[in-house]
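Reviewing the structure listed below.
Protein chains: 2
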Amino acid sequence: MDTYGAPLRDMRFILDHLVGIDSIAALPGCEAAEPELVYSILEEADKFAAGVLAPINKSGDLQGCRLDGDRVVVPYGWQEAWDQFVAGGWLGLSLPEQYGGQGLPKALWAPVWEMWFSANLAFTMLPQLTLGQTEALDVAADEAMKALYLPRIVSGEWACNMSLTEPQAGSDLAAVRMRAEAAADGSYRLFGQKIFISYGDHELTDNIVHLVLARLPDAPAGIKGISLFLVPKFLVNADGSLGAKNDVRAVSLEHKMGIHGSPTCTMAYGDQGGAVGYLVGELNRGIEYMFVMMNEARFGVSLHGVALAERAYQMALRYANERSQGKVAGEAGRPIAGHPDVKRQLLAMRTRIFAMRALVYPAAAWFDQARHHPSPEAAARSRRYIDLLMPVLKGWNTETGNLVCDDAIQVFGGMGFVEETGVAQHYRDGRVTRIYEGTTGIQANDLVSRKILRENGATLRELVAEIRADVAALADVRELAGHAKALAANVDDLERATDFLLANGSSDPATVQAAAVPFLHLAGLVCAGWRVAQAARAAQGGLAAAASAGAAAATGAAGVAGVAAAAGAAGAAESAPAGAPGAGAEDAGYLRGVLALASFWFATYAPQVRGHADTVAASACVGLAPDTALWA
Amino acid sequence: MDTYGAPLRDMRFILDHLVGIDSIAALPGCEAAEPELVYSILEEADKFAAGVLAPINKSGDLQGCRLDGDRVVVPYGWQEAWDQFVAGGWLGLSLPEQYGGQGLPKALWAPVWEMWFSANLAFTMLPQLTLGQTEALDVAADEAMKALYLPRIVSGEWACNMSLTEPQAGSDLAAVRMRAEAAADGSYRLFGQKIFISYGDHELTDNIVHLVLARLPDAPAGIKGISLFLVPKFLVNADGSLGAKNDVRAVSLEHKMGIHGSPTCTMAYGDQGGAVGYLVGELNRGIEYMFVMMNEARFGVSLHGVALAERAYQMALRYANERSQGKVAGEAGRPIAGHPDVKRQLLAMRTRIFAMRALVYPAAAWFDQARHHPSPEAAARSRRYIDLLMPVLKGWNTETGNLVCDDAIQVFGGMGFVEETGVAQHYRDGRVTRIYEGTTGIQANDLVSRKILRENGATLRELVAEIRADVAALADVRELAGHAKALAANVDDLERATDFLLANGSSDPATVQAAAVPFLHLAGLVCAGWRVAQAARAAQGGLAAAASAGAAAATGAAGVAGVAAAAGAAGAAESAPAGAPGAGAEDAGYLRGVLALASFWFATYAPQVRGHADTVAASACVGLAPDTALWA
């Protein structure tokens with residue numbers, strides 16, 4: 005029941021038509037990412053996800069982690085999976101070549117890591133920590149630290165974690181109290197406790213590199229007095245060999261609703277005289293460096309949303325095609341997928357998954373463009389877009405992903421509530437994705453306050469203009485004119501809500517903050533709807549090209565390549581081998597499926613936009629409510 | 005952290021102003037339910053819920069149930085709770101007086117049982133089974149069976165369950181295969197397996213009465229061949245004493261995501277020659293009798309929705325008032341409840357809870373009116389309303405309740421995902437409420453097909469006319485004219501969607517079925533919004549009366565009773581003791597709170613109605629989607 009296969013078809017479609025993977029391969033420094041290599045990597049990743057990671061996902065949930073004396077014991081199979089993951093080169097896929105990685109673009113990274121997260125989120129949280137830490141050290145550390153640590157981190161010899169949270173400092177890192185004292189040798193001694201540290205300890209690797217937020221006794225108050233320290237589990241000699249155990253240890257593990265395979269540790273520093281730590285970058289710039297890690301992590305979590313939804317959907321679809329109950333169109337013994345309401349649920353799930361993926365892959369490409377595009381203007385625009393939409397990607401994709409995991413349980417009915425089928429795990433695991441690396445409320449506040457108000461909505465208006473241009477193009481496609489109209493109305497609502505934020509941002513900040521989460525939902529729906537509309541246009545273009553090629557073939561004028569080539573020429577279909585039996589028919593079927601998802605989107609999700617815009621505009625009611633509204 | 009106190013203030017407000025509890029007490033046969041008695045019963049129930057049931061809720065979740073050989077072992081404390089529950093007369097509260105119950109009205113039953121469900125859902129599922137079984141036996145059993153069983157069931161001496169589901173027969177009971185063979189003595193022998201049987205076995209009572217669906221070998225196919233059998237765990241002698249153990253036993257328990265304290269059993273019948281069963285009522289009418297139980301159960305589950313939401317809300321509110329994080333209006337150290345987004349979440353939860361409760365208590369009163377109203381027309385109308393809205397009550401309240409439990413976790417942030425705080429339990433427990441006793445999809449199908457199409461929308465139109473009359477009254481209250489306009493638009497959308505169903509019901513049943521769940525959400529929002537609007541009118545009336553009494557007092561013309569009496573005269577405020585210190589001020593504060601909830605409703609939930617109506621109207625897209633839309 006709980007097997008996994010990557011949705012390669014959707015991945016390719018989105019990479020081809022929404023990302024333009026060939027345009028990414030054309031960027032200087034991204035030459036390796038030529039489409040055929042990308043697709044063969046995806047196929048290999050699928051095998052690894054399905055063959056190595058997925059089979060230990062449920063057992064990991066059942067076994068969980070435990071603290072055995074000082075040792076954190078992770079589930080059976082984790083060690084083998086880690087070793088194979090590293091040996092297969094998957095850890096280094098997107099990491100810098102100068103430290104031993106392969107430096108492949110983010111646009112490839114996104115579908116590959118989506119597979120890992122689908123197959124086994126609890127496991128994959130470990131390698132994910134390597135990505136953010138590598139980025140932060142690359143940005144902030146001095147050359148000696150980079151040379152000593154990064155090759156061993158990128159190779160997977162040593163693992164990483166991110167040690168931020170303390171009991172009184174969750175969303176508010178300004179409240180961090182962990183104390184760092186300067187030692188005579190230029191290093192520091194750290195004292196204090198961190199909580200909620202994913203993979204804070206384990207024995208999967210020879211060493212663990214903790215990046216820890218702490219403050220010096222004389223540091224300024226608040227976030228401007230927080231520094232970032234590198235604390236190795238085992239001290240590292242100058243030649244990279246390992247020395248004594250450092251004064252840091254896991255003192256307890258959390259009992260959580262999900263991700264049981266990921267040890268969530270309370271870590272004690274300095275119980276025996278002080279944990280040896282090394283300053284990363286400059287003093288008191290810790291929050292800035294932390295955000296490098298955090299942004300990397302948030303982008304990853306946006307993939308958690310789509311990944312768990314995909315896994316849960318695959319289970320629900322399989323169940324709906326195996327389970328028989330009641331009569332379907334008057335006939336007994338046919339699977340429940342044929343019941344209109346079950347089909348509606350399946351379409352609801354798949355449409356949302358498609359939309360999340362269509363939203364996040366092109367955003368991954370923005371990273372590549374920001375880093376590699378030869379035009380400084382184009383690079384800067386991509387950077388602006390990713391900065392603006394990061395909280396939407398994280399917030400909306402995880403909110404939406406949770407809804408899909410919830411739908412999957414509903415398709416199973418009573419069998420969804422019992423644990424044996426496994427679908428409940430994705431629902432439980434996924435619940436944390438709206439919390440960790442910043443709750444949806446924190447994302448929404450970031451979006452509204454830091455990303456929109458601070459620049460008076462400039463980037464958002466730039467994006468809106470781009471969406472409007474696509475609306476105009478869409479309106480020219482006769483079959484999709486209805487979608488164009490609906491999307492235009494959605495964009496109007498987005499602008500109306502943005503105007504409300506800008507008009508009230510300085511005079512009534514509390515109302516604007518109360519409007520933030522509804523605004524995030526609105527922004528997510530509009531941006532995802534934009535991508536769905538783009539997909540529909542590509543699909544419609546492919547079908548039109550195929551039809552005209554078919555018509556030409558019928559009159560004896562067709563080229564040899566048939567449907568696929570014709571569709572390819574229109575820039576809007578799969579690159580199935582020309583002339584492969586049935587390839588044309590299969591393509592057309594797939595493309596019609598994409599159009600059906602777009603129809604479902606504009607029937608079900610696009611109509612929700614107006615309500616969110618109305619809620620944003622009425623947000624003053626929150627501030628006006630007396631305390632007596634909250635208790636009876 | 006996880007204590008419980010009943011929301012007595014809200015309960016009273018809704019009973020006073022939306023139910024009209026005095027009008028229920030005026031019904032013949034309901035005389036005992038005079039308001040002061042009702043409120044003193046609620047206070048006693050609160051003590052029992054808070055003192056006996058709530059304290060063993062979390063421990064029950066942690067311990068769960070287990071099968072020890074043939075014995076089903078329930079959590080620690082269950083036995084004492086059951087004994088006290090029965091001894092306190094709580095089981096018999098609403099049960100017929102002729103069998104030893106107290107026969108109190110459903111309008112009282114609803115708030116009392118809401119408390120049990122809030123305090124401990126897993127435990128309360130057991131006494132809840134008694135209610136449905138009593139009703140079914142009362143309707144269907146012969147006098148001898150009633151005389152032998154019902155007094156012992158109503159007294160709590162024996163427990164009950166409802167044995168319907170089989171592996172191939174979940175939502176579709178027509179597929180029941182359990183075999184019943186006639187024996188020479190007029191009894192039957194049952195053979196087969198039932199699954200998902202809540203409290204299928206345990207040792208809390210001396211005996212357990214199973215009501216079991218089964219079919220005779222020569223019975224007609226489908227639901228018209230299913231009969232209902234009474235199968236006692238221990239055979240019962242003519243004098244009510246217990247005989248031999250019957251041939252029925254629990255063979256396994258499910259491992260579930262929640263309600264761990266409720267044993268969900270797989271039951272084997274007839275392994276040793278046949279379980280002795282007795283026909284209830286007439287042969288082949290089992291589904292009809294089952295629906296008596298099922299309707300009782302569904303109404304109870306509609307309370308599960310509000311009850312778990314209330315419990316989770318109380319935890320979230322307490323946490324938000326204790327937890328400090330970040331600056332609130334520039335000041336550190338103040339609780340997070342002051343953050344606009346957290347306040348928004350709390351208002352979102354409380355508004356939904358208020359709306360669910362305001363929807364369900366007046367529906368409970370419909371039961372009383374249907375049974376006791378001296379006017380046959382009024383009684384029949386109440387019966388029509390409860391029949392029409394039962395699927396909405398069950399479906400919408402559980403959907404909405406789940407959302408509130410989800411919000412509660414979000415308020416806790418990371419502490420919501422770890423199990424120690426206890427808020428995750430309500431989220432896990434609550435997930436099943438949208439599944440058992442008919443999924444939301446089943447409810448929606450019932451609503452659309454059996455309740456609306458079958459009578460061409462007659463009762464719905466009758467209800468809509470009633471709502472429109474309230475809209476007109478609301479429009480006359482200057483402060484609430486905006487709500488009146490919004491509610492009127494919502495009702496328009498409900499009618500538009502209903503017209504769509506009626507127009508397509510026979511020509512395109514698949515599209516109408518695909519529209520059913522969106523329609524159920526729409527109907528729930530409109531009906532709940534109607535009740536919220538009624539509450540706002542009562543609150544506004546109370547405030548206006550208090551203000552004019554205050555003005556009169558200031559000019560020396562006030563009567564002795566002050567604010568409370570003035571408000572009472574307007575039929576729209578709490579009956580606080582006249583002249584009690586601060587009572588007037590407290591009342592006004594409460595009433596302003598109700599108005600704030602209404603404002604939040606019309607800012608946030610009412611605007612969602614149009615989207616659902618648009619979705620209903622666009623439901624043909626489900627049937628049109630090719631299979632290729634469902635897989636990549």
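Quick note, the sequences are listed as chains A and B, same order. In this text, residue positions in the first sequence follow this note's numbering: the first is 5, and each later residue adds one. In this text, residue positions in the second sequence follow this note's numbering: the first is 5, and each later residue adds one. For glycine and all other residues, C-beta sits at the position ideal for the given N, C-alpha and C. If you're wondering where the values come from, they're calculated on a predicted model, not measured in any experiment.
Short Cβ contact (7 Å threshold) for residue i with residue j
i                  : j                  : result
Pro-267 of chain A : Cys-69 of chain A  : yes
Ser-191 of chain B : Tyr-293 of chain B : no
Val-427 of chain B : Ile-413 of chain B : yes
Leu-307 of chain A : Phe-121 of chain A : yes
Ala-151 of chain B : Ala-184 of chain B : no
Leu-312 of chain A : Gly-136 of chain A : no
Thr-502 of chain A : Ser-623 of chain A : no
Ala-85 of chain A  : Tyr-8 of chain A   : no
Ala-126 of chain A : Gly-64 of chain A  : yes
Val-216 of chain A : Ser-256 of chain A : no
Gly-247 of chain A : Leu-239 of chain A : yes
Ala-540 of chain A : Ala-485 of chain A : no
Gly-309 of chain A : Thr-443 of chain A : no
Rounded separation between residue i and residue j - CA only
i                  : j                  : result
Gln-106 of chain A : Val-626 of chain B : 44 Å
Glu-423 of chain B : Gly-265 of chain A : 15 Å
Tyr-365 of chain B : Pro-109 of chain B : 11 Å
His-525 of chain A : Arg-356 of chain A : 13 Å
Thr-404 of chain B : Glu-381 of chain A : 47 Å
Asp-496 of chain A : Arg-387 of chain B : 46 Å
Leu-31 of chain B  : Asp-14 of chain B  : 23 Å
Asn-250 of chain B : Gly-274 of chain B : 9 Å
Asp-176 of chain B : Ser-231 of chain B : 15 Å
Gln-172 of chain B : Ala-629 of chain A : 51 Å
Ala-242 of chain A : Asp-410 of chain B : 50 Å
Ala-518 of chain A : Trp-605 of chain B : 15 Å
Glu-314 of chain A : Ala-320 of chain B : 31 Å
His-21 of chain B  : Ala-114 of chain B : 16 Å
Leu-234 of chain A : Thr-463 of chain A : 35 Å
Gly-615 of chain B : Ala-492 of chain A : 16 Å
Ala-571 of chain A : Ala-551 of chain A : With a pLDDT of 39 at Ala-571 of chain A, under the threshold of 50, the predicted position of this residue should be treated as unreliable, though the coordinate-derived value follows. Distance between the alpha carbons of Ala-571 of chain A and Ala-551 of chain A is about 9 Å.
Burial state of residue i, where buried means 16 or more other Cβ atoms lie within 10 Å
i                  : result
Gln-329 of chain B : buried
Asn-661 of chain A : Limits of chain A in this structure are 5 at one end and 636 at the other, which puts residue 661 of chain A out of reach.
Glu-258 of chain B : buried
Arg-354 of chain A : buried
Gly-337 of chain A : exposed
Asp-160 of chain B : The residue you asked about is not Asp; residue 160 of chain B is Gly in the sequence shown. By the 10 Å Cβ count, Gly-160 of chain B comes out buried.
Arg-458 of chain A : exposed
Leu-393 of chain A : buried
Quick one: which residues of the stretch 600-619 of chain A get their C-beta closer than 7 Å to a C-beta of chain B? List them in chain order. Ala-600, Leu-601, Ser-603, Phe-604, Ala-607, Thr-608, Pro-611, Gln-612, Arg-614, Gly-615, Asp-618, Thr-619
Which residues, taken in chain order from the stretch 168-187 of chain A, show a beta carbon closer than 9 Å to some beta carbon of chain B? Thr-169, Gln-172, Ala-173, Gly-174, Ser-175, Asp-176, Ala-178, Ala-179
Members of the stretch 444-474 of chain B near chain A, C-beta cut-off 8 Å: Thr-444, Gly-445, Ala-448, Asn-449
Closer than 9 Å between beta carbons: that is the criterion. Which residues of the stretch 500-527 of chain B meet it against chain A? Pro-513, Ala-514, Thr-515, Val-516, Gln-517, Ala-518, Ala-519, Ala-520, Val-521, Pro-522
The stretch 357-377 of chain B contacting the stretch 439-455 of chain B, beta-carbon criterion three pairs below 8 Å: no
Along the stretch 374-393 of chain A, where does the CB come closer than 8 Å to a CB of chain B? Name the residues. none
With a threshold of 8 Å, are at least 3 pairs of Cβ atoms found where one atom belongs to the stretch 466-477 of chain A and the other to the stretch 544-556 of chain A? no
Pairs of beta-carbons, one from the stretch 44-61 of chain B and one from the stretch 74-88 of chain B, closer than 8 Å: are there three or more? Yes, the stretch 44-61 of chain B touches the stretch 74-88 of chain B.
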